[in-house]
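In this note's numbering, the protein residues as written are 1306 to 1660.
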C-alpha cells in the first residue's frame, strides 16, 4: 500500500473505483479482488475533502473506516437486513416514507457526496436514476398535501444538499405552501464531506419563511471531520440564520470512546450546531464490524453526562428493526422501586422522603 499522505492530499475529484483507491494508497493491491466483488452491489465515493483527512499509514484511521470499503462488508450476520428500519413498509408512494403520524420523509434524490460504509440505506443509495422526476415529485407533494396530520417534513435521501440552490429554494417554497406543515428539516453530510458545495446562495435557499421553520441536520461522527472548510460551511449556514443540529452514529473503531465524543460535541456547539441524536448502528447487512453493544453505548453516555453540559448532550437512540421507530436507549438514572437516583459518577442518592 502506498502510505504517502501527499497522494491523498493531491486528489482533485471523488474516488469511486477500486483502482483509484489503490492509487491513492487507501487500500492494498491484495484487496482488489474482494473489493471488486463488493463494488458490484455497493457504491463508493470519497470526496477530496474527506481524502485529505485520511492518514493512509494508519490502519485504524477513523476517517478511512467510515468511507473506505472493506472486504468484511461481504459477510452478513443472521440478524442483519437489507431494509433494517423498514422504510419500504411505510412508503405509500415513491420518495415518501410516512412512519409517524405527524412527520414524513421526502427523498427527492438518492445520490450522496460520499457513501458511508455503515449506511442503513446502503443498498439503495448511489442510484442516479432514483432522483424523483418532476411528475414523481408532484405525486409526492400531492400525498403530503392530503395528509393534514403532518407537521414536519424531513428531506433526506441520498443527500438533499446535492441539489442546487434553485431546486432547494423550490422545495422550501412548495413545502411552505402546505398549510399544515410547520417544520422542514434537511439531513446532510455535505457541510463536512463536500463543504465547497455550501454557498451563500444555498444558505439563502434554506432560510425559514413566516410560516415554515427550516432546519439542517448535519451528519458528523468524528472531530477530525470538522476541518476548516467544514467549519466555514457551517458558519455560512449559521450566519444566514439556518438552525443547525447534528446526528452521529456510534461506531466501533471510530468514536466509541467518551473522550472522542466529548471532543466532537464540544466542537459542534462551538460551531453553533446542537448535538441531536447519537444513533446506535442499524442492523444493516455487512456492518457488524461497526456495531458496539448497547451496553457499551449506555456506558459511554453515562460517562458523557458528567463531562458535558446539557446543550452538548445528544439523545442515544435505536431504530427498532422493521419500522417501529426510534426509541431512547440511554442509561437509566432513576430506580422507581427504591426511589433512588444515580449520579454521573455512579453513586446512588435517595430522592424524596426516607423510609
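The C-beta atom is built at its ideal place from N, Cα and C for all residues, glycine as well. This structure is a prediction, so every number in the text was calculated from the model and none was measured.
So is residue i buried or exposed if we call it buried at 16+ other beta carbons inside 10 Å?
i	result
residue 1518	exposed
residue 1522	buried
residue 1505	exposed
residue 1530	buried
residue 1431	buried
residue 1327	buried
residue 1420	buried
residue 1397	exposed
residue 1492	buried
residue 1508	buried
residue 1561	buried
residue 1358	buried
residue 1434	exposed
residue 1363	exposed
residue 1575	exposed
residue 1333	exposed
residue 1616	exposed
residue 1347	buried
residue 1308	With a pLDDT of only 49 at residue 1308, under the threshold of 50, the placement of this residue in the model should not be trusted; the figure read from the coordinates follows. Its Cβ having fewer than 16 others within 10 Å, residue 1308 is exposed.
residue 1632	exposed
residue 1510	buried
residue 1465	buried
residue 1564	exposed
residue 1478	exposed
residue 1485	exposed
residue 1422	buried
Taking only three categories from DSSP, how would you classify residue i?
i	result
residue 1692	Only positions 1306 to 1660 of the chain appear in this structure, which leaves residue 1692 out of reach.
residue 1629	coil
residue 1429	coil
residue 1559	coil
residue 1412	coil
residue 1554	strand
residue 1610	helix
residue 1536	helix
residue 1655	strand
residue 1266	Because the chain spans 1306 through 1660 in this model, residue 1266 falls outside it and cannot be assessed.
residue 1569	helix
residue 1588	coil
residue 1544	helix
residue 1393	helix
residue 1602	helix
residue 1615	helix
Between which residues of its own chain and residue i is the CB-CB distance below 8 Å, once the five residues before and five after are set aside?
i	result
residue 1660	Because the pLDDT of residue 1660 is 43, which lies under 50, any placement of that residue in the model is unreliable, and the number read from its coordinates should be weighed accordingly. Answer for residue 1660: no residue qualifies.
residue 1376	1336, 1339, 1340 and 1343
residue 1534	1354, 1500 and 1501
Leaving out the 5 sequence neighbours to the left and right, which residues in its chain are closer than 7 Å to residue i when beta-carbon positions are compared?
i	result
residue 1606	1621, 1635 and 1636
residue 1384	1588
residue 1559	1367, 1370, 1371, 1526 and 1527
residue 1568	1528
residue 1405	1630
residue 1655	1644 and 1645
Determine which residues share a DSSP beta bridge with residue i and list them.
i	result
residue 1398	1401
residue 1640	1645
residue 1579	1550
residue 1621	1583
Tell me which residues share the same chain as residue i and place their Cβ nearer than 6 Å to its Cβ, disregarding the 5 neighbours each side in the sequence.
i	result
residue 1583	1553, 1555, 1619 and 1621
residue 1524	1494 and 1552
residue 1428	1387
residue 1548	1520
residue 1487	1456
residue 1610	1649
residue 1436	1414
residue 1374	1340, 1343 and 1349
Any beta carbon from chain D within less than 8 Å of residue i's own beta carbon?
i	result
residue 1356	The chain labelled as chain D is not found in the depicted structure, where only one protein chain is given.
Please determine whether the Cβ atom of residue i lies at a distance below 7 Å from any heavy atom of the ligand MG.
i	result
residue 1564	Of the ligands one can find in the structure shown there are none, so the ligand MG has no counterpart to examine.
* Asked: Along the chain, which unbroken stretches of the alpha helix (DSSP H) at least 4 residues long are found entirely within the stretch 1466 to 1534?
  -> 1470 to 1481, 1495 to 1498 and 1505 to 1510
* **Length-filtered (4 minimum) alpha helix (DSSP H) runs lying within the stretch 1312 to 1389** => 1323 to 1328, 1337 to 1344, 1353 to 1356 and 1367 to 1372
* At what residue ranges does the stretch 1435 to 1468 contain a whole run of the alpha helix (DSSP H), taking only runs of 4 or more? -> Listed in chain order, the alpha helix (DSSP H) runs fully inside the stretch 1435 to 1468 are 1439 to 1450, counting runs of at least 4 residues.
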